[in-house]
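Below: the structure, in structure tokens.
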Amino acid sequence: MDAVSGETSLSDDGVRVIAIDGPAGSGKSTVARRLAERLGLGYLDTGAMYRSVAFAAMAREIDLADASAIVEVARASDIEIDDSSVTVDGVDATTQIRGPEVTRSVSTVAAISGVREVLRVRQRAWVIERGGGVLEGRDIGTVVFPDAELKVYLSASAEVRAERRAGEVSALDYETVAADLAARDAADSTRQHDPLTQAPDAIHIDTTDLTVDEVVDELIARLG
Ligand code: DC
Numbered sequence: 099m100d101a102v103s104g105e106t107s108l109s110d111d112g113v114r115v116i117a118i119d120g121p122a123g124s125g126k127s128t129v130a131r132r133l134a135e136r137l138g139l140g141y142l143d144t145g146a147m148y149r150s151v152a153f154a155a156m157a158r159e160i161d162l163a164d165a166s167a168i169v170e171v172a173r174a175s176d177i178e179i180d181d182s183s184v185t186v187d188g189v190d191a192t193t194q195i196r197g198p199e200v201t202r203s204v205s206t207v208a209a210i211s212g213v214r215e216v217l218r219v220r221q222r223a224w225v226i227e228r229g230g231g232v233l234e235g236r237d238i239g240t241v242v243f244p245d246a247e248l249k250v251y252l253s254a255s256a257e258v259r260a261e262r263r264a265g266e267v268s269a270l271d272y273e274t275v276a277a278d279l280a281a282r283d284a285a286d287s288t289r290q291h292d293p294l295t296q297a298p299d300a301i302h303i304d305t306t307d308l309t310v311d312e313v314v315d316e317l318i319a320r321l322g
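In terms of our numbering, the sequence shown opens at residue 99 and continues consecutively.
Written as structure tokens, this is what we have:
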């Protein structure tokens with residue numbers, strides 16, 4: 099790996115990367131987690147990294163319109179993500195990064211190219227340290243690991259995605275969750291830098307009527 103940029107090639111021996119992208123509520127996290135378990139690989143929720151930067155910026159009361167200050171926060175912040183918890187600068191942020199305040203501001207933070215660059219380098223370094231992994235996000239197959247062994251684009255109907263999210267966020271009613279989700283999807287798909295799109299060579303699976311195991315079985319079959 100280039101020590102300065104963190105750039106690497108997957109042709110490096112033994113690096114196995116599965117890239118899973120899709121909008122909120124499409125089933126990425128559950129599928130990625132279970133697939134990683136079945137393959138004996140690590141799992142990285144890259145959305146949690148963007149959420150962590152938003153959390154750190156809010157904790158320091160930084161104006162979300164101040165892009166360069168937020169890039170500095172991204173550079174300086176120590177983000178630790180493991181299977182069950184997220185720690186930002188030594189503070190347990192597991193619950194707060196999923197809360198409505200971070201959820202409403204994270205698309206603004208994720209639209210800043212300097213933030214994306216900082217996190218992209220960390221995502222690549224994470225993979226190299228582990229010799230591979232299953233990563234989920236919005237730009238994994240298109241930008242972070244365009245040469246991944248398998249690229250997957252998950253989707254689901256807007257209704258089912260909102261129902262899934264409303265089930266996770268008990269403090270908000272369905273209509274609020276559905277409206278927030280639609281606004282976030284629009285922002286994530288139309289931003290200038292690394293918007294959510296399906297890579298041309300990604301497998302597209304609509305998870306609306308599928309169980310997690312059905313999706314994971316299909317991906318394992320594709321891996322051969
Ligand atoms: O997957 P999630 O909803 O926790 O992601 C939070 C936000 O982070 C999402 O609105 C878009 C952004 N994101 C991104 O831009 N690129 C990624 N690779 C992952 C997430």
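Glycine included, C-beta positions come from ideal geometry on N, C-alpha and C.
Since this is a predicted model, take the numbers as computed values, not measurements.
Among E178, G235 and A300, which has the Cα closest to the Cα of D190? Distance check between D190 and each of E178, G235 and A300 places E178 closest, using alpha-carbon atoms only.
In whole angstroms, give me the CA-to-CA distance for I116 and V216. The alpha-carbon of I116 is positioned some 21 Å away from that of V216.
Run of the alpha helix (DSSP H) containing V242, from where it starts to where it stops: No alpha helix (DSSP H) holds V242; DSSP gives it neither H nor E.
So, with DSSP's three-state summary, where would you put D304? strand
Per DSSP, cross-strand counterpart(s) of T185: Beta-bridge pairing by DSSP links T185 to E178 and D190.
Beta-carbon spacing of D286, P293 below 8 Å: yes
Consider the C-beta atom of I301 and the heavy atoms of the ligand DC; say whether any pair is separated by less than 7 Å. no
Buried or exposed: L233, going by 16 or more other Cβ atoms within 10 Å of its Cβ? buried
Would you list, in sequence order, the uninterrupted beta strand (DSSP E) runs of no fewer than 3 residues that lie entirely inside the segment 278-322? 301-304
Counting only runs that start and end within the segment 120-146, where is the beta strand (DSSP E) found for 3 or more residues in a row? 141-143
Which same chain residues end up closer than 7 Å to A101 when comparing Cβ atoms and leaving out the 5 residues on each side of it in sequence? For A101, the predicted structure reports a pLDDT of 40, less than 50, and the residue's modelled location is therefore unreliable. A value from the coordinates is still provided. Cβ neighbours of A101 beyond the five flanking positions: none.
According to the neighbour-count rule (16 or more other Cβ atoms, all chains shown, within 10 Å of its Cβ), is A172 buried or exposed? buried
Cβ of S205 within 7 Å of any heavy atom in the ligand GDP? The model depicted lacks the ligand GDP and carries the ligand DC instead.
Taking A319 and G239 to be in contact with their CB atoms under 8 Å, please state how far apart those CB atoms are, rounded to whole angstroms. Not confirmed; about 18 Å, so no contact.
So what's E234 in DSSP terms, helix, strand or just coil? Strand at E234.
Can you tell which of L139, T274, A223 and E247 has its C-alpha closest to the C-alpha of G322? E247
Have a look at G188 and E266 and give me their C-alpha separation to the nearest angstrom. 25 Å
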